[in-house]
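Asker:
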Amino acid sequence: PPDYLGSILLELPEKLKKRAINLLSHKSLAEATSELESDDATDLVQEMEDMDASKAKVVFSRLEKEDRDEIDSLRKYSDDQAGSIMQVEVFKASVNESIREAITRLALDKEEKKLKNIFQVFIVDETQKLLASAPLSELIKMEFDVKFKQLIQGREYPEQKMIIDTKKISEVVKRFQDY
457 PPDYLGSILL ELPEKLKKRA INLLSHKSLA EATSELESDD ATDLVQEMED
507 MDASKAKVVF SRLEKEDRDE IDSLRKYSDD QAGSIMQVEV FKASVNESIR
557 EAITRLALDK EEKKLKNIFQ VFIVDETQKL LASAPLSELI KMEFDVKFKQ
607 LIQGREYPEQ KMIIDTKKIS EVVKRFQDY
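Following the working numbering from start to finish, the sequence shown increments by one per residue and tops out at 635.
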C-alpha cells in the first residue's frame, strides 16, 4: 500500500531501490512520496533524482503543492547542515490551551492529513517561544481539562537552546550533549 511503500523504498539496498523505482509508475511513486514525512519525502525525491532525473521530475510534479513546497524548503540544505535532517511537521499547543483542546485539534489535523507521525507536543507562549515539550503518550494519561500552563510548571526548559538550521549537524550535537 502507498502508506508503506515510501518507507520501504527508503530502506531498500540501492540496487533493489533503483529497480523498484524503475518498475513503479509515476503515480505510485507520487502517492508513496506524499505519505512520507517531509524529511523522508525529500530524501526519496533526491534518491529518485540520482537514479532517474526525468522520472523524479514527473513524480515531483504530481505531488500536491504543499508537499512540493516542503521538499523545496528542505532541499536548500547541504547534507551536513542541521536543516537537512529536520522535518517541517510539528504539533504546537498554546500554554493557555487545555489538553482536550489540543488533542481535539491534533485529531482533526491527523484526519485532514496535515500531520503524520507526531509523538511530541511543543508548548509555546503567545509569541510562539518554545517553553516545554511533552510526549503525546503522556498527555492521554492526564486530566483533559488541565491547561498546559499547569502541566509544565516546574518542567520548563531551563534555558533556550536555539538551533540554527544552517549549522553543521556535528555542532548541533555538541551543543546539546550536556542538555
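Note that beta-carbon positions come from the ideal geometry of N, C-alpha and C, so glycine has one too.
(1) Using the three-state DSSP reduction, which class does I464 fall into: helix, strand or coil?
(2) By the three-class DSSP mapping on this structure, what secondary structure does L480 have?
(3) According to the neighbour-count rule (16 or more other Cβ atoms, all chains shown, within 10 Å of its Cβ), is T583 buried or exposed?
(4) Please name the residue, chosen from K532, R556, I608, I527, that lies closest to E545 on a Cα-to-Cα basis.
(5) My guess is that L466 and I477 are in contact by the Cβ rule of under 8 Å, so how many angstroms apart are they, rounded?
(6) For V515, does the count of other Cβ atoms within 10 angstroms reach 16, so buried, or fall short, so exposed?
(7) If you compare alpha carbons, which of M598, D499, D535 is closest to L558?
(8) Using beta-carbon positions only, say whether F600 and V551 come within less than 8 Å of one another.
Answerer: According to the structure data:
(1) On the sequence shown, residue 464 is found 8 positions in, with the first residue counted as 1. Looking at I464 - three-state DSSP - the assignment turns out to be helix.
(2) If you number the sequence shown from 1, residue 480 lands on position 24. Correct three-state label for L480: coil.
(3) Sequence index remark: in the sequence shown, residue 583 carries index 127 (1-based). Exposed, because fewer than 16 other Cβ atoms sit within 10 Å of the Cβ of T583.
(4) To locate residue 545, count along the sequence shown from 1; it is residue 89. Scanning K532, R556, I608, I527 for the CA closest to the CA of E545 turns up I527.
(5) For this step, residue 466 is matched to residue 10 along the sequence shown. For this step, residue 477 is matched to residue 21 along the sequence shown. That pair is no contact at about 11 Å.
(6) Here residue 515 is taken as the residue at index 59 of the sequence shown, counted from 1. The residue is buried, with at least 16 neighbouring Cβ atoms inside 10 Å.
(7) Taking the sequence shown and counting its residues from 1, the one referred to as residue 558 is at position 102. Note that residue 558 is Ala in the sequence shown here, rather than Leu. Closest option to A558, Cα to Cα, is M598.
(8) As a working note, residue 600 is residue 144 in the sequence shown. As a working note, residue 551 is residue 95 in the sequence shown. In this structure, the beta-carbon distance from F600 to V551 does not fall below 8 Å.
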